[in-house]
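Undergrad: The following block contains the structure, expressed as structure tokens.
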Amino acid sequence: MIKSNGVLVGARYCSNIYFIIHNGYLYIGETGGHPSIRWGGHLSKGGTLRENLRRFEEDDINECEEIFFASVATSIIDYEDDLNRKIARKAVEYEVQRHFFLNPYIFGEELRVVSTASSNPVRHSFGFDPDSFSQAILKMAVEKYKKWKLMLECGDL
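Our numbering runs 18 ahead of the 1-based position in the sequence shown.
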């Protein structure tokens, strides 16, 4: 039997906010490169996701269980000055996580966050509003997750 594991397209170097959901745990991250590279790092031995999950679970990731990966390209961040892009991504990542904590059942189920966001870089200003931008990103991720979960439950994956 074969199945599609989805398609991920995007530039090699582009700002992204990404989500990993596995077994009731949520990881929110940011990258200036292709998210697949970061995801591989998270899943490798000693990777951030695996290490952070160990704070909550003794068992490691079950390699046979489905893992949800989603990424949102945030090209508006790439219009920022080169020196501010990482700070801008961190600001958006922080706001996405903050909005998740304000509505922890937004994905339709209880999820525990296993990622940490740096403190909000309030002393910076950007050519966009990180707060409203993060809400749109979170909404998009939730829609993708709910669609994926429905397909998984219906056996369409």
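Beta carbons: idealized from backbone N, C-alpha and C, even for Gly.
Note down the Cα distance separating Lys165 from Met158, rounded to an integer number of angstroms.
TA: On the sequence shown, residue 165 is found 147 positions in, with the first residue counted as 1. On the sequence shown, residue 158 is found 140 positions in, with the first residue counted as 1. Taking the straight line joining both Cα atoms gives about 11 Å.
Undergrad: Could you check whether Glu75 and Phe144 sit closer than 8 Å to each other, using their CB atoms as the reference points?
TA: Position 126 of the sequence shown, counted from the first residue, corresponds to residue 144. Position 57 of the sequence shown, counted from the first residue, corresponds to residue 75. No, Cβ-Cβ distance for Phe144 and Glu75 is not below 8 Å.
Undergrad: On a Cα-Cα basis, can you pick out the residue from Cys172, His142, Val114, Gly173 that is closest to Asp149?
TA: One-based indexing of the sequence shown puts residue 149 at position 131. Considering only alpha carbons, the answer is Val114.
Undergrad: For Ser89, report the span of its beta strand (DSSP E) as first-last.
TA: Your numbering for residue 89 matches position 71 in the sequence shown. Element bounds for Ser89: 86–91.
Undergrad: Pick helix, strand or coil for Asn34, following the three-state DSSP scheme.
TA: For the purposes of this step, residue 34 is identified with residue 16 of the sequence shown, where counting begins at 1. Three-state DSSP puts Asn34 in a strand.
Undergrad: Can you find the residues in the same chain that come closer than 6 Å, C-beta to C-beta, to Ile39, ignoring five residues on each side of it along the sequence?
TA: As a position in the sequence shown, residue 39 is number 21, starting the count at 1. Closer than 6 Å at Cβ, skipping near neighbours: Phe86.
Undergrad: In the structure shown, what three-state DSSP assignment does Leu26 receive?
TA: Against the sequence shown, residue 26 aligns to sequence position 8. Residue state, collapsed to three classes: coil.
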